[in-house]
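A.B. asks: Note that my numbering has the sequence shown beginning at 167, numbered continuously upward.
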Amino acid sequence: MIRAVCFDLDGTLVSSLPEIAEGVRRLARKEGFAPVPDEVVAVMIGGGVRVLIERLMRWWAAAGADLSKVSEDQLLKELVEIWSGMDGSRIALIPGAFEGVAKLKQKGVAVWLVTNKEESLAKAFLAERGLEDAFDGVIGSGGAARPKPWPDMIERAMQEAGVRPDECAMVGDSRNDALAARAAGVRALLVESGYNEGIPLAAWAKAEGFTEIFPDTGRACARLLKELEAC
């Protein structure tokens with residue numbers, strides 16, 4: 167029986183591309199680099215802010231930018247500061263997602279936010295929306311745990327929740343979520359509401375042997391709730 171569920175954030179619970187892309191625009195403007203189209207940013211996100219910066223630097227270099235006076239760490243720090251100063255108004259909750267999380271929690275399931283977003287940004291967003299109590303814990307980038315697709319974050323959540331891999335599930339919108347779940351030995355429920363770095367999720371998932379694919383997180387949670395009620 168599932169006793170704990172880990173949830174990704176961007177693309178799984180919220181639609182955050184407009185906020186992410188606006189931060190990238192402000193960073194480009196500050197550094198004098200070319201603006202990056204939203205559709206390009208969309209295929210760069212999912213691996214965490216450091217991976218995003220690496221991809222942005224390659225894109226800017228290909229566009230002819232002089233990157234000799236900036237470092238990856240500097241740009242990462244600047245982008246996190248930019249996002250921290252934004253009000254989050256461009257981030258939309260995906261319908262039914264947080265409701266599903268709440269229903270699982272009411273059933274006694276431990277619910278954890280496990281995101282490649284900087285942990286401080288994830289916690290700030292939840293607080294801004296009055297959702298700071300939605301999860302039993304939040305694990306994000308910026309700490310000792312390696313980001314997904316490594317299993318570290320899920321393993322830490324399981325340890326904190328006191329559950330075994332066969333009692334845990336991961337709900338996410340990308341191959342990073344799927345591969346992290348597999349590496350941690352937990353069940354993966356994948357949702358098509360997100361980005362997956364521009365790769366069609368369903369086709370990739372089926373080719374890789376992942377069979378539980380849902381249109382959105384609300385329906386993934388409904389599946390878990392139905393199973394719990396049958397126990």
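Just so it is clear, CB atoms sit at the ideal spot from N, CA and C, and this is done for glycine as well.
Find out if the Cβ-Cβ distance for the pair A327, M336 is shorter than 8 Å.
C.D. replies: As a working note, residue 327 is residue 161 in the sequence shown. As a working note, residue 336 is residue 170 in the sequence shown. No. Outside cutoff.
A.B. asks: Using a Cβ-Cβ cut-off of 8 Å, state whether K271 counts as contacting chain D.
C.D. replies: Of the protein chains in this structure there is only one, and it is not chain D.
A.B. asks: If you run the structure through DSSP and keep just helix, strand and coil, what is M167?
C.D. replies: As a first step, residue 167 must be located in the sequence shown, where it is residue number 1. Note: M167 maps to coil in three-state DSSP.
A.B. asks: Let's see if you can read the secondary structure: which residues bound the beta strand (DSSP E) around I305?
C.D. replies: Taking the first residue of the sequence shown as 1, we reach residue 305 at position 139. It spans G303 to S307 - the beta strand (DSSP E) in which I305 sits, taken as one unbroken run.
A.B. asks: Between which residues of its own chain and R195 is the CB-CB distance below 8 Å, once the five residues before and five after are set aside?
C.D. replies: Taking the first residue of the sequence shown as position 1, residue 195 is located at position 29. Within the same chain, R195 has close Cβ partners P201.
A.B. asks: Looking at the unbroken alpha helix (DSSP H) that takes in T281, where does it start and where does it end?
C.D. replies: Here residue 281 refers to the residue found at position 115 of the sequence shown. Here T281 belongs to no alpha helix (DSSP H); instead the beta strand (DSSP E) covers A276 to E284.
A.B. asks: Whole angstroms is fine: what's the gap from C387's alpha carbon to G266's?
C.D. replies: Mapped onto the sequence shown, residue 387 falls at position 221. Mapped onto the sequence shown, residue 266 falls at position 100. Spanning the two alpha carbons is a distance of roughly 5 Å.
A.B. asks: What span of residues does the beta strand (DSSP E) with R322 cover, start to end?
C.D. replies: The residue you call residue 322 lines up with position 156 of the sequence shown. R322 -> not in any beta strand (DSSP E); alpha helix (DSSP H) instead, spanning D318 to A327.
A.B. asks: For L391, which residues from the same chain have a beta carbon less than 8 Å from its beta carbon, with the 5 sequence-adjacent residues on both sides left out?
C.D. replies: Your numbering for residue 391 matches position 225 in the sequence shown. Contacts found: G266, K269, L270 and K273.
A.B. asks: So, for V241: in the same chain, excluding its five sequence neighbours on each side, which residues have a beta-carbon less than 6 Å away from its beta-carbon?
C.D. replies: The residue given as residue 241 occupies position 75 in the sequence shown. Looking at the sequence shown, residue 241 is not Val but Leu. I219, listed in sequence order.
A.B. asks: Could you work out which residue in S307, F291 and G308 is closest to A300 when comparing CA atoms only?
C.D. replies: Taking the sequence shown and counting its residues from 1, the one referred to as residue 300 is at position 134. Among S307, F291 and G308, the Cα nearest to that of A300 is on F291.
A.B. asks: Alpha carbons only, please: which of R169, R389, D176 and D204 is nearest the one belonging to S359?
C.D. replies: Position 193 of the sequence shown, counted from the first residue, corresponds to residue 359. Comparing Cα-Cα distances from S359 to each of R169, R389, D176 and D204, the minimum goes to D176.
A.B. asks: So which of P184, P261 and R295 has the shortest CA-CA distance to V357?
C.D. replies: The sequence position of residue 357 within the sequence shown is 191, counting from 1. Checking every option, the nearest Cα to that of V357 belongs to P261.
A.B. asks: Out of V352, M324 and L245, which one is the CA nearest neighbour of D302?
C.D. replies: Residue 302 sits at position 136 when you count from the first residue of the sequence shown. Of V352, M324 and L245, the residue nearest in Cα terms is M324.
A.B. asks: Over what stretch of residues does the alpha helix (DSSP H) that includes A231 continue unbroken?
C.D. replies: To locate residue 231, count along the sequence shown from 1; it is residue 65. Per DSSP, A231 belongs to no alpha helix (DSSP H) and is neither H nor E.
A.B. asks: Whole-angstrom Cβ separation of N342 and P315, contact assumed at under 8 Å?
C.D. replies: Start at 1 with the first residue of the sequence shown, and residue 342 comes out as number 176. Start at 1 with the first residue of the sequence shown, and residue 315 comes out as number 149. Contact holds; Cβ gap of about 5 Å.
A.B. asks: Count the other C-beta atoms from every protein chain shown that fall within 10 angstroms of the C-beta of I365, then say buried if there are 16 or more, exposed otherwise.
C.D. replies: Reading the sequence shown from its first residue, position 199 is the one you call residue 365. By the 10 Å Cβ count, I365 comes out exposed.
A.B. asks: Looking at the strands, I want to know which residues DSSP matches up with F173.
C.D. replies: As a position in the sequence shown, residue 173 is number 7, starting the count at 1. For F173, which the question treats as bridged, DSSP gives the partners L279 and V337.
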